[in-house]
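Here's the structure, in structure tokens; my notes come after.
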Amino acid sequence: MQAAIITEYGGPEVLRIETQEDPQPAAHEVLLSVKAAGINRPDVFQRKGNYPAPPGVSNDIPGLEVSGIIKTLGKDVQGMSVGDEVFALLAGGGYATEVCVAAELCIPKPKNISFEEAACFPETLFTVWHNLFQRGNLKEGDQVLIHGGSGGIGSMAIQLAKLFGATVYTTVGSAEKAEFVKQLGADNVINYQEEDFEEVLKDKKINLILDSIGGSYFNKHIQLLEPDGRLIHINAVQGAKVELNLLKMMQKRIWISGSTLRSRDLNFKINLTLEIKNKILPFIESRKLVPAVTRVFPFEEVSAAHLFFDSPKQYGKIALKMYS
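When you line the sequence shown up against the working numbering, it's residues 1406 to 1729, in that order.
Written out as structure tokens, the structure is:
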């Protein structure tokens, strides 16, 4: 197989395509002929040496989500066949032309969804569903603030929140990105280069916040949230250490949580996959929910894809195309 290898930690130029032995599926796994892979922020962190793979997962091949065709069934795999088109969540190794994945983490790819679109679902969809819905208990009528609305996570979160009847406020960093998230359904867009989101939203009744920023945003969120509000952290790019006024949190009964997905055990991910199949797959089949894929790069241009991902011009999702 061909795989994009992190030859050393650093910039996009450290990614190099090399030939490796074809993987063999273990029991309860399938071998996929990968057609596309999604690019995510954790891939960049791993490339820089800041996000090591969990035990048992290759640390030199990034990639957390793929789509493809089942090539081989491992022992004891039931209900699946060679030739099935699927997309799947991985713990790593997705930047490759072949990959083994637990069969129970595979979701059938609808025929009206491209391989590139399908590959850009798993990491963002699983992350958003777990955090906004399972942990954040999003419900119809909620007013939700989503930071970084133009990114992969943000663009998925906007669409899902709207599908389930929430009012969505989001922050972006340019007029172009503001227009992009409006097309996804965001109700109110704040350009943080021009406005302070706390000032803009001070009179709104914010019930739920999905935050990837941390740092100085933390106490602004405590101030903004309504009583019984929920604050969910999925990253902390501005800083992980904050000062918390416990009295304010107790007075407003604010629920603070956060999570990472990659390190969760297989059983958790299998249960999450089942819930997404039952509750979200119908939206995918009807194309009411589609990843906002804005760029597709050939696999051999993986370094260029990462260079573009690192640029401030990037928004939506970027896919790597493994086939000609």
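Beta carbons are placed, not taken as given, at the ideal position from N, Cα and C, and that holds for glycine.
The beta carbons of Leu1712 and Tyr1500 sit about 15 Å from each other, so the pair does not count as a contact at 8 Å. Around the beta carbon of Met1561, 16 or more other beta carbons lie within 10 angstroms, which makes this residue buried. Three or more Cβ pairs closer than 8 Å define a contact, and the segment 1472-1481 falls short of that threshold against the segment 1419-1426. When secondary structure is reduced to three states using DSSP, Gln1643 falls in the coil class, being assigned neither helix nor strand. The beta carbon of Ile1563 sits closer than 7 Å to those of Ile1551, Gly1554, Val1573, Thr1575, Val1586, Leu1589, Gly1590, Ala1591, all from its chain and outside the five residues before and after it, given in chain order. 7 Å or more divides the Cβ of Ser1617 from the Cβ of Asn1596.
In terms of CA proximity to Val1642, Gly1620 leads the group Gly1620, Lys1693, Glu1603, Ile1410. If you draw a straight line from the Cα of Ala1583 to the Cα of Ala1442, it is about 26 Å long. Contact between the segment 1483-1492 and the segment 1677-1686 is absent: fewer than 3 CB-CB pairs across the two stretches fall below 8 Å. Looking at the DSSP output, Cys1525 shares a beta bridge with no other residue. Ile1723 has its alpha-carbon roughly 14 Å from the corresponding atom of Glu1705. Boundaries for Thr1502: no alpha helix (DSSP H) harbours it, and the DSSP string shows neither H nor E there. As summarised for the segment 1518-1568, the continuous beta strand (DSSP E) elements at least 3 residues long and confined to that stretch are 1548-1551, given in chain order. Look at Tyr1622 here: in three-state DSSP terms it is helix. For Lys1684, the enclosing alpha helix (DSSP H) has its first and last residue at 1671-1684. Taking all protein chains shown into account, Ala1409 has 16 or more neighbouring C-beta atoms within 10 Å of its C-beta and is therefore buried. Comparing alpha carbon positions, the residue from Leu1694, Lys1440, Lys1657 closest to Glu1521 is Lys1440. As a beta-bridge residue in DSSP terms, Ile1475 pairs with Leu1437. Annotation: the continuous alpha helix (DSSP H) that includes Ala1580 extends over 1580-1589.
If the five residues before and after Ala1431 are omitted, its C-beta is found closer than 6 Å to the C-beta atoms of Gly1479, all from its own chain and listed in chain order.
Listed in chain order, the non-local C-beta contacts of Cys1525 below 6 Å within the same chain comprise Gly1443, Pro1696, Val1698, Lys1722, Ala1724, local neighbours out to five positions each way being set aside. Boundaries of the alpha helix (DSSP H) around Pro1447: 1446-1452. Between the C-alpha atoms of Asn1624 and Glu1603 there is a straight-line separation of about 10 Å. Exclusion of the five residues before and after Ile1466 leaves Ala1408, Ala1409, Ile1410, Ile1411, Gly1497, Gly1498, Gly1499, Tyr1500, Ala1501 as the residues of its chain whose Cβ lies within less than 8 Å of its Cβ. If you look at Phe1702, you'll find it in the beta strand (DSSP E) that goes 1698-1703.
Apart from the 5 residues on each side of it in sequence, Thr1477 sits with its Cβ closer than 6 Å to the Cβ of Pro1430, Leu1436 in its chain, given in chain order. In this structure, DSSP gives Gln1598 a state outside helix and strand, which the three-state scheme calls coil. For the options Thr1529, Leu1694, Gly1541, the alpha carbon positioned closest to that of Asp1633 is the one of Gly1541. Following the DSSP letters along the chain, one finds Gln1407 inside the beta strand (DSSP E) bounded by residues 1407-1411.
Scanning its chain for C-beta atoms nearer than 7 Å, with the 5 sequence neighbours on each side dropped, one finds around Glu1631 the residues Lys1610, Ile1611, Asn1612, in chain order. Ala1493 is positioned such that its CB atom lies closer than 7 Å to that of Leu1510. Rounded to whole angstroms, the separation of the alpha carbons of Lys1693 and Val1594 is 21 Å. Sixteen is the threshold: since fewer than 16 other Cβ atoms of the shown chains lie within 10 Å of the Cβ of Ser1668, the residue is exposed.
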